[in-house]
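Notes follow once the structure below has been shown.
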Amino acid sequence: MASNDGNASENKKRGGHGRTIMKTVIQERSKRKKLLEVEWNIKGQPIGSNASRFNSHIGVITRRDASINIEDWRDESNAQVKLEIWEDVQAIWNVDETHKHYVHGKAWIALNKFRYRLTKRVRNGCVDHPPKLYADLIDQEEWDEFVARVTTTLFLEISTANRERALQADCPSRISRKGYAKLEQEILLETKSEEVSLPRHTLYRKAHLDKTGNTNNEKAREKISQIVGLI
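For the sequence shown, full-length UniProt numbering assigns the number 1 to the initial residue and increments by one for each residue that follows.
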């Protein structure tokens with residue numbers, strides 16, 4: 001486990017901390033002289049006032065510690081970078097081993113989102129050098145390898161297929177970046193329920209209805225009707 005002095009591990013592939021490092025999180029950790037707290041629901045998802053900052057901080061740490069050219073997150077060769085990410089999270093946040101799987105999963109999602117943004121830069125002509133915004137995170141050799149990979153015919157075909165699949169999503173939810181964990185917490189607070197979690201069908205309905213309890217999406221309306229019929 002990393003030391004609790006609030007400083008991330010020094011033994012990194014990169015020297016810079018990146019422009020997007022969450023200074024407020026670090027400052028608060030230093031001011032309090034203790035680890036920051038994050039609440040968890042019964043499903044192992046972060047909730048409460050610090051949940052968004054916690055998830056964002058995982059993303060910041062991942063962009064700093066992990067190579068943008070990692071292909072298989074499950075490969076044993078990535079054990080060291082996973083350890084660094086976990087220790088850096090523990091240096092700021094009070095999380096135990098039961099939440100390591102969540103942190104690593106969130107890190108992989110964050111890395112893929114970062115690479116998606118970088119891929120868009122490549123398509124817009126940013127090919128020769130890493131974007132200035134991330135110059136302290138990505139060296140030239142790493143960038144050249146990334147560009148070579150995302151401009152192959154196979155990658156472009158897979159990327160196009162994924163975009164088309166996303167556009168054909170039948171029932172997009174209305175919760176945006178909020179996520180189901182925060183939605184569930186809001187419902188429990190609003191209803192003053194003594195329950196600690198909600199059934200999946202309840203969350204699905206709430207996520208696909210507007211404030212008036214309706215939806216203009218015919219597919220969503222059909223699925224909600226099917227759910228109601230099964231309850």
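Ideal Cβ positions, reconstructed from N, Cα and C, are used throughout, including at glycine.
| query | result |
| --- | --- |
| Which term fits Ala148, buried or exposed, when burial requires 16 or more other beta carbons within 10 angstroms of its beta carbon? | exposed |
| Under the rule that 16 or more other beta-carbon atoms within 10 Å means buried, what is Val89, buried or exposed? | buried |
| Within the same chain, show all residues whose beta-carbon is closer than 7 Å to that of Asn50, passing over the 5 residues directly before and after it, in chain order. | Leu36, Glu37, Val38 |
| Using a 10 Å radius around the Cβ and a threshold of 16 neighbouring Cβ atoms, would you call Tyr116 buried or exposed? | exposed |
| Whole angstroms is fine: what's the gap from Ser159's alpha carbon to Thr191's? | 42 Å |
| For Thr98, count the other beta carbons within 10 Å of its own beta carbon; 16 or more makes it buried, fewer makes it exposed. Which is it? | exposed |
| In this structure, how does DSSP classify Gln140 when only helix, strand and coil are distinguished? | helix |
| Based on DSSP bridge pairs, tell me the residues matched to Ile158. | BP columns for Ile158 are empty, so no partner. |
| Report the three-state DSSP secondary structure of Leu209 (helix, strand or coil). | coil |
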